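Participant: A single structure is presented below for examination.
Numbering (the numbering used here), first residue to last: 13 to 314.
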C-alpha cells in the first residue's frame, strides 16, 4: 500500500495510469469498483486537493473511454460507470479535506444518497415495480432454462425495500471508500492519525434537516412521496450507524476492553440486519449526549 500510494503521488501521469488501470479492472468486478477505483481517486483528492484531483480524473475518464472503445465496449458504459462513482467520491473527499471532519463526510454521503432517492422517485412512476422488473431480468439471465421460482418469490417481497437498500448501500460505500482513502493518507504521511479522527466522528446538526424531510414526506404524503420519505429515513439510519461504530471503537479504546467486542459487533452486523438499527441508535444517543455536554443548560440561576 505504501509503495502504490507513493507511486501514485509522484505526479499526474502516475496517478492517471494507476487509477485508469484499476477502473478498467473494476468494470469487470463491479462489487469491488469502489475499492479498486474509488479509494485511489480519494487518496489523490485528499492529498493533492480538489483541483488537482479533478484534472487527474478527467484525464482518467478519457483514458478509460478510449480503452473500452478499442476493446469493443460501449464508451457510454464507461462514462456512466466512472462518473457515477468518481463524482460522489470527489465531493465526499473534497469536503473531508476542507473540514477535516469525518462527520461532515458522512453527512455529504447521506445527502448524495438522499438525492438518489428523490431522483428515482421523480423519474420513475412506480419504483418497486421498476426494481421487480430488473430483478426478474436477473433471474431470467441466471436461470435461462427455467427455475428460480423460489428466488422470484423472495424478490417480489423484497422489491418495495430495494430502493432504500440501494440508498443505504450508496451512502455506506461512499463513507467506507472515503475513510479508506483517509486511512491510506494517514499511513503515508501521518501514521496513527486516522484513529483519533475516527473516534471524534460526530454528525453535524444539519442532519436534522434530512431527518425532518424524511418524516414530513412520510407522514404528510402518500404513494411515491411517502415512500421517498421512508427511504430517506433509512439513509439517516445508515448515517447514525457510522457514528455508532465510531462510538463503540472509542469506548473499547478508552476502557481498554478486549478487541473481541469489536469482532462480535461486526459479526452481528454481517449476520443480523437488526444490529444495524441497534448500532445506529447508539450513534443517535452518542450524538445527543455530546450536544448536551457541548451546550449544557443553565442551573436555574440568572
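The beta carbon of each residue, even a glycine, is placed where N, CA and C say it ideally should be. Quick caveat, the model's predicted, so the values are computed rather than measured.
Starting from residue 86, trace the alpha helix (DSSP H) both ways and give me its first and last residue.
Facilitator: DSSP places residue 86 outside any alpha helix (DSSP H), giving it a letter other than H or E.
Participant: Are the Cβ atoms of residue 247 and residue 295 separated by less than 8 Å?
Facilitator: Note that the C-beta distance between residue 247 and residue 295 is not below 8 Å.
Participant: Let me confirm a value: residue 97 is counted as buried when at least 16 other C-beta atoms fall within 10 Å, else exposed. Which label applies?
Facilitator: Burial call: buried.
Participant: At 4 residues or longer, and completely inside the stretch 21-101: list those alpha helix (DSSP H) runs for me, N to C.
Facilitator: 24-39, 51-60, 62-82
Participant: Just the Cα atoms here: how many angstroms apart are residue 355 and residue 174?
Facilitator: The shown model of the chain, from 13 to 314, leaves out residue 355, and the question about it has no answer.
Participant: Ordered along the chain, which non-local residues of its own chain (more than five positions away) have a Cβ less than 7 Å from that of residue 205?
Facilitator: 198
Participant: Around the C-beta of residue 150, are 16 or more other C-beta atoms found within 10 angstroms, so that it is buried, or is it exposed?
Facilitator: exposed
Participant: Would you give the residue range spanned by the alpha helix (DSSP H) that residue 152 belongs to?
Facilitator: Note, residue 152: alpha helix (DSSP H), 139-154.
Participant: Would residue 125 and residue 171 be called neighbours here (beta carbons separated by less than 8 Å)?
Facilitator: no
Participant: Just to confirm, is the Cβ distance from residue 242 to residue 230 under 8 Å?
Facilitator: yes
Participant: Which value, in whole angstroms, describes the spacing of the CA atoms of residue 147 and residue 133?
Facilitator: 18 Å
Participant: What residue does the alpha helix (DSSP H) around residue 279 start on, and which one ends it?
Facilitator: It spans 272-283 - the alpha helix (DSSP H) in which residue 279 sits, taken as one unbroken run.
Participant: Give the DSSP-derived three-state secondary structure of residue 18 in the structure shown.
Facilitator: helix
Participant: So, with DSSP's three-state summary, where would you put residue 216?
Facilitator: coil
Participant: Looking at the unbroken alpha helix (DSSP H) that takes in residue 117, where does it start and where does it end?
Facilitator: 114-135
Participant: Below 8 Å on the Cβ atoms is my contact criterion, and I expect residue 76 with residue 29 to pass it. Report the Cβ-Cβ distance as a whole number of Å.
Facilitator: Not confirmed; about 12 Å, so no contact.
Participant: Cutting at 6 Å between CB atoms, please list the residues of its own chain near residue 143, excluding the five before and the five after it.
Facilitator: 171, 174
Participant: At which residues does the alpha helix (DSSP H) containing residue 208 begin and terminate?
Facilitator: Counting along the chain, the unbroken alpha helix (DSSP H) around residue 208 starts and ends at 206-211.
Participant: Tell me whether residue 298 is buried or exposed, calling it buried when 16 or more other Cβ atoms sit within 10 Å of its Cβ.
Facilitator: buried
Participant: What residue does the alpha helix (DSSP H) around residue 167 start on, and which one ends it?
Facilitator: 161-201
Participant: Enumerate in chain order the residues of its own chain whose CB-to-CB distance from residue 260 is below 8 Å, with the five nearest sequence positions on each side excluded.
Facilitator: Excluding residues within five positions, the ones whose Cβ falls inside 8 Å are 273, 274, 277, 291, 294.
Participant: Quick one: grab the DSSP three-state call for residue 294.
Facilitator: helix
Participant: On the premise that residue 41 lies in contact with residue 68, defined as a C-beta separation below 8 Å, what is that separation, rounded to the nearest angstrom?
Facilitator: Wrong, their Cβ atoms sit about 22 Å apart, outside the cutoff.
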